[in-house]
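Under the working numbering, the sequence shown is numbered contiguously, ending at residue 222.
So the structure is just underneath, and the comments pick up after that.
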Amino acid sequence: MRVVIAEDNVLLQEGLGLLLATAGFEVVAAVDRVDEFLAAVDHHRPDIALVDIRLPPTFADEGLRAVRAARRTHPDLPVLVLSQYVERAYAAELLGDGRGGIGYLLKDRVSRVDDFLDAMRRVAAGGTAVDPLVISRLVADHRSSRLDELSPREREVLALMAEGHTNSTIATRLYVTERAVHKHVSNIFAKLDLPPDDGSHRRVSAVLAYLGR
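Written out as C-alpha coordinates, the structure reads:
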(Lines of atoms letter the chains of each structure in order from A and count residues from 1; the text may use other names and numbers.)
(Lines give C-alpha, C1' and ligand atoms only; values in the text may rest on other atoms or scores of the structure.)
Protein backbone atom coordinates (compact mmCIF):
# COMPACT_ATOMS: atom_id res chain seq x y z
CA MET A 1 0.00 0.00 0.00
CA ARG A 2 1.55 3.29 -1.15
CA VAL A 3 1.56 6.26 1.24
CA VAL A 4 2.37 9.97 1.02
CA ILE A 5 3.18 11.62 4.37
CA ALA A 6 2.83 15.37 5.00
CA GLU A 7 4.36 16.16 8.41
CA ASP A 8 6.69 19.04 9.34
CA ASN A 9 8.16 17.45 12.48
CA VAL A 10 11.22 15.65 11.13
CA LEU A 11 11.41 13.09 13.94
CA LEU A 12 7.72 12.24 13.68
CA GLN A 13 7.90 12.15 9.88
CA GLU A 14 10.81 9.70 9.98
CA GLY A 15 9.20 7.69 12.76
CA LEU A 16 5.96 7.34 10.83
CA GLY A 17 7.85 6.34 7.72
CA LEU A 18 9.78 3.64 9.58
CA LEU A 19 6.67 2.36 11.34
CA LEU A 20 4.69 2.12 8.11
CA ALA A 21 7.56 0.54 6.19
CA THR A 22 8.00 -2.09 8.91
CA ALA A 23 4.26 -2.86 8.66
CA GLY A 24 4.46 -3.42 4.92
CA PHE A 25 3.41 -0.01 3.61
CA GLU A 26 5.48 1.74 0.92
CA VAL A 27 6.17 5.39 1.74
CA VAL A 28 6.54 6.95 -1.71
CA ALA A 29 7.02 10.52 -0.44
CA ALA A 30 7.47 12.32 2.89
CA VAL A 31 7.14 16.12 2.71
CA ASP A 32 6.52 19.06 5.02
CA ARG A 33 4.83 21.67 2.82
CA VAL A 34 1.46 21.91 1.06
CA ASP A 35 2.84 22.45 -2.44
CA GLU A 36 5.14 19.45 -2.07
CA PHE A 37 2.27 17.33 -0.78
CA LEU A 38 0.00 18.20 -3.70
CA ALA A 39 2.80 17.53 -6.18
CA ALA A 40 3.52 14.16 -4.54
CA VAL A 41 -0.14 13.14 -4.70
CA ASP A 42 -0.34 14.12 -8.38
CA HIS A 43 2.86 12.23 -9.20
CA HIS A 44 2.51 9.08 -7.10
CA ARG A 45 -1.29 8.63 -6.91
CA PRO A 46 -0.95 7.00 -3.46
CA ASP A 47 -3.38 4.56 -1.89
CA ILE A 48 -3.61 6.82 1.17
CA ALA A 49 -2.22 10.13 2.43
CA LEU A 50 -1.22 10.80 6.04
CA VAL A 51 -1.43 14.54 6.78
CA ASP A 52 -0.70 16.78 9.76
CA ILE A 53 -3.49 19.33 10.06
CA ARG A 54 -1.00 22.14 10.84
CA LEU A 55 1.76 22.68 8.31
CA PRO A 56 4.15 25.55 7.41
CA PRO A 57 4.24 28.44 6.93
CA THR A 58 1.57 29.56 9.45
CA PHE A 59 0.83 26.23 11.18
CA ALA A 60 -2.87 27.09 11.12
CA ASP A 61 -5.01 25.01 8.77
CA GLU A 62 -2.64 24.37 5.87
CA GLY A 63 -3.03 20.61 6.23
CA LEU A 64 -6.81 20.82 6.07
CA ARG A 65 -6.64 23.06 3.00
CA ALA A 66 -4.19 20.65 1.41
CA VAL A 67 -6.59 17.76 1.97
CA ARG A 68 -9.47 19.72 0.45
CA ALA A 69 -7.37 20.58 -2.61
CA ALA A 70 -6.10 17.02 -3.05
CA ARG A 71 -9.58 15.51 -2.80
CA ARG A 72 -10.93 17.99 -5.34
CA THR A 73 -8.35 16.76 -7.85
CA HIS A 74 -8.40 13.14 -6.69
CA PRO A 75 -11.91 12.56 -5.23
CA ASP A 76 -11.18 8.96 -4.25
CA LEU A 77 -7.99 9.75 -2.32
CA PRO A 78 -8.21 8.27 1.20
CA VAL A 79 -6.75 10.62 3.83
CA LEU A 80 -5.92 10.12 7.49
CA VAL A 81 -5.40 13.43 9.28
CA LEU A 82 -3.30 13.74 12.43
CA SER A 83 -3.72 16.53 14.96
CA GLN A 84 -2.12 17.41 18.27
CA TYR A 85 -5.47 18.57 19.67
CA VAL A 86 -9.17 18.10 18.98
CA GLU A 87 -9.99 20.90 16.56
CA ARG A 88 -13.75 20.55 16.34
CA ALA A 89 -14.41 22.96 13.46
CA TYR A 90 -11.71 21.37 11.31
CA ALA A 91 -12.89 17.86 12.14
CA ALA A 92 -16.51 18.71 11.31
CA GLU A 93 -15.50 20.18 7.96
CA LEU A 94 -13.24 17.28 7.10
CA LEU A 95 -15.80 14.62 8.00
CA GLY A 96 -18.82 16.47 6.68
CA ASP A 97 -18.05 16.33 2.96
CA GLY A 98 -20.21 13.24 2.55
CA ARG A 99 -17.48 10.88 1.39
CA GLY A 100 -15.67 8.00 3.00
CA GLY A 101 -11.99 7.19 3.01
CA ILE A 102 -11.35 9.70 5.76
CA GLY A 103 -9.91 9.58 9.24
CA TYR A 104 -9.08 11.99 12.06
CA LEU A 105 -6.77 10.81 14.82
CA LEU A 106 -4.95 12.57 17.61
CA LYS A 107 -1.18 12.17 17.40
CA ASP A 108 -1.17 10.32 20.72
CA ARG A 109 -2.99 7.51 18.91
CA VAL A 110 0.11 6.78 16.80
CA SER A 111 1.77 5.34 19.91
CA ARG A 112 -0.92 2.66 19.93
CA VAL A 113 0.68 1.01 16.94
CA ASP A 114 -1.90 -1.68 16.20
CA ASP A 115 -4.79 0.80 16.42
CA PHE A 116 -2.98 3.27 14.18
CA LEU A 117 -2.13 0.69 11.51
CA ASP A 118 -5.67 -0.66 11.62
CA ALA A 119 -6.97 2.90 11.10
CA MET A 120 -4.68 3.34 8.09
CA ARG A 121 -6.01 0.15 6.50
CA ARG A 122 -9.67 0.99 7.18
CA VAL A 123 -9.37 4.46 5.69
CA ALA A 124 -7.46 3.15 2.65
CA ALA A 125 -10.34 0.72 2.09
CA GLY A 126 -12.83 3.60 1.98
CA GLY A 127 -14.00 3.51 5.59
CA THR A 128 -13.61 5.91 8.50
CA ALA A 129 -11.36 6.04 11.54
CA VAL A 130 -12.15 8.75 14.06
CA ASP A 131 -10.57 9.23 17.47
CA PRO A 132 -13.10 8.64 20.29
CA LEU A 133 -12.27 12.03 21.81
CA VAL A 134 -12.98 13.74 18.48
CA ILE A 135 -16.32 11.93 18.32
CA SER A 136 -17.29 13.05 21.82
CA ARG A 137 -16.46 16.69 21.03
CA LEU A 138 -18.43 16.63 17.80
CA VAL A 139 -21.44 14.97 19.39
CA ALA A 140 -21.38 17.53 22.22
CA ASP A 141 -22.15 20.17 19.58
CA HIS A 142 -25.63 18.74 19.16
CA ARG A 143 -28.27 20.09 16.82
CA SER A 144 -31.72 18.59 16.33
CA SER A 145 -31.80 16.15 13.42
CA ARG A 146 -33.05 12.79 12.27
CA LEU A 147 -30.39 11.32 14.53
CA ASP A 148 -32.60 12.26 17.48
CA GLU A 149 -34.79 9.31 16.51
CA LEU A 150 -32.02 6.85 17.41
CA SER A 151 -32.26 4.99 20.69
CA PRO A 152 -29.42 5.32 23.24
CA ARG A 153 -28.14 1.87 22.26
CA GLU A 154 -28.26 2.74 18.55
CA ARG A 155 -26.22 5.87 19.32
CA GLU A 156 -23.64 3.73 21.10
CA VAL A 157 -23.44 1.40 18.10
CA LEU A 158 -23.12 4.31 15.67
CA ALA A 159 -20.38 5.94 17.77
CA LEU A 160 -18.38 2.70 17.65
CA MET A 161 -19.02 2.47 13.92
CA ALA A 162 -17.54 5.97 13.62
CA GLU A 163 -14.36 4.74 15.32
CA GLY A 164 -14.20 2.14 12.57
CA HIS A 165 -15.13 -1.00 14.49
CA THR A 166 -16.74 -4.04 12.87
CA ASN A 167 -20.00 -5.55 14.09
CA SER A 168 -18.06 -8.31 15.81
CA THR A 169 -15.91 -5.85 17.76
CA ILE A 170 -18.93 -3.71 18.63
CA ALA A 171 -20.69 -6.77 20.00
CA THR A 172 -17.69 -7.51 22.21
CA ARG A 173 -17.45 -3.90 23.41
CA LEU A 174 -21.16 -3.71 24.30
CA TYR A 175 -21.45 -7.26 25.66
CA VAL A 176 -24.23 -8.18 23.23
CA THR A 177 -24.52 -10.68 20.41
CA GLU A 178 -23.37 -9.89 16.91
CA ARG A 179 -26.94 -10.56 15.78
CA ALA A 180 -28.15 -7.81 18.12
CA VAL A 181 -25.58 -5.39 16.66
CA HIS A 182 -26.70 -6.29 13.14
CA LYS A 183 -30.28 -5.45 14.13
CA HIS A 184 -29.22 -2.11 15.61
CA VAL A 185 -27.25 -1.28 12.45
CA SER A 186 -30.28 -2.11 10.29
CA ASN A 187 -32.44 0.15 12.46
CA ILE A 188 -29.88 2.94 12.12
CA PHE A 189 -29.95 2.67 8.33
CA ALA A 190 -33.76 2.76 8.33
CA LYS A 191 -34.03 5.74 10.69
CA LEU A 192 -31.45 7.71 8.70
CA ASP A 193 -33.37 6.85 5.51
CA LEU A 194 -30.32 5.35 3.83
CA PRO A 195 -31.51 3.49 0.72
CA PRO A 196 -30.57 -0.14 0.01
CA ASP A 197 -27.04 -0.12 -1.34
CA ASP A 198 -23.67 -1.70 -0.78
CA GLY A 199 -23.43 -2.34 2.96
CA SER A 200 -20.08 -0.63 3.41
CA HIS A 201 -21.31 2.47 1.59
CA ARG A 202 -24.35 2.77 3.84
CA ARG A 203 -22.17 2.27 6.88
CA VAL A 204 -19.92 5.16 5.88
CA SER A 205 -22.95 7.33 5.05
CA ALA A 206 -24.42 6.69 8.49
CA VAL A 207 -21.14 7.57 10.20
CA LEU A 208 -20.74 10.76 8.20
CA ALA A 209 -24.34 11.78 8.96
CA TYR A 210 -23.61 11.24 12.63
CA LEU A 211 -20.36 13.21 12.65
CA GLY A 212 -21.43 15.92 10.23
CA ARG A 213 -24.68 16.87 11.90
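Backbone N, C-alpha and C define an ideal beta-carbon position, used for all residues, glycine too.
Looking only at its own chain, which residues have a Cβ that is under 6 Å from the Cβ of residue 93, when we skip the five neighbours before and after it?
Locating residue 93 in the sequence shown gives position 84, where the first residue counts as 1. Around residue 93: 116.
Name, in chain order, the residues that DSSP records as bridge partners for residue 111.
Within the sequence shown, residue 111 is the residue found at index 102, counting from 1. Its beta-bridge partners are 88 and 137.
So, helix, strand or coil for residue 32, using DSSP?
If you number the sequence shown from 1, residue 32 lands on position 23. Three-state result, residue 32: coil.
Under 8 Å: do the region 164-179 and the region 187-207 share three or more Cβ pairs, one atom per stretch?
Because the criterion of three Cβ pairs below 8 Å is met, the region 164-179 and the region 187-207 touch.
Classify residue 11 as helix, strand or coil using the three-state DSSP reduction.
Numbered from 1 along the sequence shown, position 2 holds the residue referred to as residue 11. Note: residue 11 maps to strand in three-state DSSP.
Delimiting residues of the alpha helix (DSSP H) encompassing residue 171:
Here residue 171 refers to the residue found at position 162 when the sequence shown is read from its first residue. 161-172 is the extent of the alpha helix (DSSP H) around residue 171.
Residue 62 versus residue 193 - alpha carbon distance:
Start at 1 with the first residue of the sequence shown, and residue 62 comes out as number 53. Start at 1 with the first residue of the sequence shown, and residue 193 comes out as number 184. Answer to the nearest angstrom: the Cα atoms are 34 Å apart.
Less than 7 Å separating the beta-carbons of residue 89 and residue 109?
Here residue 89 corresponds to residue number 80 of the sequence shown, with the count starting at 1. Here residue 109 corresponds to residue number 100 of the sequence shown, with the count starting at 1. It is not a contact, given that the beta carbons lie outside the stated cut-off.
How far does the alpha helix (DSSP H) with residue 59 in it reach, from first residue to last?
The count along the sequence shown starts at 1 and reaches residue 59 at position 50. That residue, residue 59, is in no alpha helix (DSSP H); its beta strand (DSSP E) goes 57-61.
Among the candidates 125, 103 and 99, whose CA atom is the shortest distance from the CA of residue 80?
Here residue 80 refers to the residue found at position 71 when the sequence shown is read from its first residue. The residue with the shortest Cα to Cα distance from residue 80 is 103.
Could you give the distance in angstroms between the alpha-carbon of residue 33 and the alpha-carbon of residue 10?
Translated into positions along the sequence shown, residue 33 becomes position 24. Translated into positions along the sequence shown, residue 10 becomes position 1. Straight-line Cα distance between these residues: approximately 7 Å.
Along the alpha helix (DSSP H) that carries residue 83, what are the first and last residues, could you check?
Residue numbering aside, residue 83 sits at position 74 when the sequence shown is read from its first letter. From DSSP, residue 83 is part of no alpha helix (DSSP H); its letter is neither H nor E.
Do residue 189 and residue 201 count as a contact pair if the criterion is CB distance below 7 Å?
If you number the sequence shown from 1, residue 201 lands on position 192. If you number the sequence shown from 1, residue 189 lands on position 180. Taking 7 Å as the Cβ cut-off, residue 201 and residue 189 do not qualify as a contacting pair.
Hey, would you say residue 37 sits closer than 7 Å to residue 46, going by beta carbons?
Counting from 1 along the sequence shown, the entry for residue 37 is found at position 28. Counting from 1 along the sequence shown, the entry for residue 46 is found at position 37. No.
Helix, strand or coil: which one does DSSP assign to residue 185?
As a working note, residue 185 is residue 176 in the sequence shown. Here residue 185 sits in coil by DSSP.
Once DSSP output is grouped into helix, strand and coil, what is the label at residue 132?
Translated into the one-based positions of the sequence shown, residue 132 becomes position 123. Annotated three-state conformation of residue 132 is helix, per DSSP.
What does a CB cutoff of less than 6 Å around residue 185 pick up in its chain, not counting 5 residues either side in sequence?
Here residue 185 corresponds to residue number 176 of the sequence shown, with the count starting at 1. Excluding positions up to five away in sequence, the list is empty.
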